[in-house]
Amino acid sequence: MSQGLVNLIFSFTLLAIIFGFAFQLIFSKKRNIRDLLRRGQGYRSRQTYDMAIGCYQRVIELDAQNKTAMENIAILQARCGRYEEAIEAYETLTEFEPSDLRFFNELAQLYERIGNEEKAIEKFEASLDVDAHSVATYIHLGQLHQRAGRRDQANDSYLQAIELDPIRTDVRSYLATSYLSQGEGEKAIEQYKIVVNTLPEDPQGYLQLATAYNQLGRYEQAVETYDKVLNLTPNVPDIHVELGKTYYLLRDYDQASNSFQIALDLNPDCASAQYNFSVLLADQNDLERSVQYLELAFYNDSSFYSLAEVEPVFESIRNHSEFAHFLVPNKS
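Convert by adding 9 to the 1-based position in the sequence shown; the result is the number in the numbering used here.
Set out below in structure tokens:
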């Protein structure tokens, strides 16, 4: 056998060994990554978040571009309240996947949470650069403007979302709430009516509409709407209380009393029903029963002390011995 052939065989053998070793390293690395991801998911499911983060960080050490590990780190850091670390992870994800608007939206919400509104708006706008038809992004942006008191900008964002998806009732509810806060009651009512017409079996829409009618002083329409809520959910004490409060505003004391009694039949410890019934009885000068219900309300929910102290109906009888006893909370 010639020396040249020997050298060729040796070279092929050496290359085979090198490639075999390289493949072994690659497969071993992939196996380690799979094992670490599996362990991380296990820790996450048991809510042992720091251990899970540790597993995902080891994956990043092996594969700096691993999107699954980085996304889990971002989610869990945010869940643990470590917002700066979560932001760092999401910023990296936007570099990995610049076309994934989810990461921009998560970043925006985290920046808002730490008080960096400028950055939050920047990230929402970056999300819209990725997808100008993202309803979710317009909703998030509208909520950010609404929380900051920029109602006109909030309305614009909600209207953009509605234009893209007219049947999104949650957006119409947000828009209606914004209109109410601006004193534009009729516009709010219009949006709530669209909600209940779209979802006629959903009591929440009727409840929002009834609340809006009350805020506008349209009590008869509020009563009609609360009745529709109760047709759908008859056994919710708080709704009977709201109906009773509306009857009280109409000076229909019999119907108000009946509504409060139904609420108490459904939940004998309903503090809201007890308090409002006490107000009704005080207004009718039935002091003994008013005191009884007021005491029960205080017992079940001490927050009603502060309401009672400024309740106009109690003002004329504030010095009555029975009321004075309850309207001054025991500090001991």
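We put the CB at the ideal spot given by N, CA and C, even for glycine. The structure displayed is predicted, hence computed values, not measured ones.
Beyond the five residues adjoining it in sequence on each side, Ala98 comes within less than 7 Å, by CB distance, of Met79, Ile82, Ala83 and Gln86 in the same chain, given in chain order. When the beta-carbon positions are compared, Val238 and Pro277 stay at least 8 Å from each other. By the neighbour-count criterion, in which 16 or more other beta carbons inside 10 Å mark a residue as buried, Cys89 falls on the exposed side.
Around the beta carbon of His154, 16 or more other beta carbons lie within 10 angstroms, which makes this residue buried. Across the structure, Met60 and Ala265 are spaced so that their CA atoms are roughly 57 Å apart.
If the five residues before and after Val322 are omitted, its C-beta is found closer than 8 Å to the C-beta atoms of Val288, Ala291 and Asp292, all from its own chain and listed in chain order. Assigned with DSSP and collapsed to three states, Ala73 falls in coil, not helix or strand. Restricting attention to Pro107, Leu273 and Ser315, the CA atom closest to the CA of Leu137 is found in Pro107.
Around the beta carbon of Tyr201, 16 or more other beta carbons lie within 10 angstroms, which makes this residue buried.
Along the length of the segment 100-151, whole alpha helix (DSSP H) runs at least 4 residues long occupy 110-122 and 126-139, reported in chain order. When the Cα atoms are used, Leu119 and Ile96 turn out to be separated by approximately 7 Å. In terms of Cβ geometry, Asn164 and Ala145 do not form a close pair [threshold 8 Å].
Contact annotation: Asn223 and Ala231 have beta-carbon atoms nearer than 8 Å.
The alpha-carbon of Asp310 is positioned some 29 Å away from that of Glu233.
By the 16-neighbour rule on beta-carbons within 10 angstroms, Ala141 is exposed. Restricting attention to Phe133, Cys279, Ala272 and Lys254, the CA atom closest to the CA of His149 is found in Phe133.
A residue is called buried when at least 16 other Cβ atoms come within 10 angstroms of its Cβ; Leu71 does not meet this threshold and is exposed. Around the CB of Leu259, fewer than 16 other CB atoms lie within 10 Å, so the residue is classed as exposed.
In this structure Glu251 touches Tyr235 by the C-beta definition: roughly 6 Å separates them, less than 8 Å.
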